[in-house]
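Following: one structure in structure tokens, then a few remarks.
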Amino acid sequence: MVRWCPDDKGRFHKRPFYKAEELDAECEKLLADFRREIGRKPDVAIDTDDLTVMIERHVGDLDVYADLSEDGPEVEGVTLFAAQRKPDVAIAERLTSDDRRSNRFRTTLAHELGHVALHDPLYQEKLAMGDLFAVVAEERLICKRDTMVDAPMTDWMEWQACYFSGALLMPRRAIIDLAKEHGDGITGAPRYGTEKGANLVADAMDRFLVSHDAARVRLSVLGLLG
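Oh and the sequence shown: position 163 is 163 in the UniProt record's numbering, straight run, nothing missing.
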């Protein structure tokens with residue numbers, strides 16, 4: 001059951017509080033349910049096409065060729081929340097069209113899905129008719145590159161979406177198994193900046209099709225990278 005606490009940012013009456021392991025479990029269930037529905041066998045990494053289908057099932061419209069330049073050069077994803085309908089998601093076209101940014105594209109998709117899955121109920125309540133907090137019938141949530149994979153916990157919405165993204169793309173059990181392949185049972189977690197740490201990050205990037213930063217952050221928050 002979701003626990004609630006006051007929103008110190010003043011955006012909502014209250015906000016959900018999730019422990020990291022709760023978000024891991026939520027993403028694990030989401031992946032399992034989705035794969036069962038489409039008849040896909042479990043795998044360590046979700047295919048990009050499947051990830052796109054997954055988010056399409058949760059939104060009203062998904063635009064992966066969006067021109068977000070008016071929002072600023074650092075903006076890579078936008079979620080539009082609206083009363084009494086599913087959110088719309090837009091991904092910056094520069095991520096979709098550049099094969100070199102395919103892993104960042106996956107991270108951005110998963111990040112925006114995190115906002116949709118975790119935060120749409122908040123916006124539905126806020127934007128409902130008669131809510132004194134509601135000034136308009138819709139709100140845009142803008143996500144920038146520097147908070148796409150690693151946001152401070154004080155920015156609770158972005159932190160939750162960041163953790164959700166990492167947990168969806170790099171499931172806890174699978175990435176722990178990967179880390180065990182690199183461990184010797186004696187020295188503990190390899191440290192970032194060492195050869196062993198670099199090899200672990202590189203293998204996580206290859207196995208889960210994620211960026212260097214996404215792999216580093218996920219391994220670090222799970223205590224698998226010193």
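Beta carbons are placed, not taken as given, at the ideal position from N, Cα and C, and that holds for glycine.
This one's a predicted model, so the numbers in the text were calculated from it and none came from an experiment.
Problem set entry | Bounding residues of the beta strand (DSSP E) (the contiguous stretch that carries residue 96) | Looking at the DSSP string, residue 96 is not in any beta strand (DSSP E); the run it does join, the alpha helix (DSSP H), is 93–97.
Exercise. Applying the criterion that 16 or more other CB atoms from any shown protein chain within 10 Å of the CB defines a buried residue, is residue 37 buried or exposed?
Worked result: exposed
Exercise. Is it true that the region 77–94 meets the region 42–60, where meeting means three or more beta-carbon pairs spaced less than 8 angstroms apart?
Worked result: yes
For this session: Since I believe residue 66 is in contact with residue 91 (beta carbons under 8 angstroms), could you give me their beta-carbon distance rounded to a whole number of angstroms?
Result: 6 angstroms
Exercise. Would DSSP call residue 2 helix, strand or coil?
Worked result: coil
Exercise. Within 10 angstroms of its Cβ, does residue 181 collect 16 or more other Cβ (buried), or is it exposed?
Worked result: exposed
Exercise. How would you call residue 218, buried or exposed, if buried means at least 16 neighbouring beta carbons within 10 angstroms?
Worked result: buried
For this session: Kindly identify the DSSP beta-bridge partner or partners of residue 208.
Result: DSSP, once it has assigned bridges, lists no residue as partnering residue 208.
Exercise. By DSSP, does residue 65 sit in helix, in strand, or in coil?
Worked result: strand
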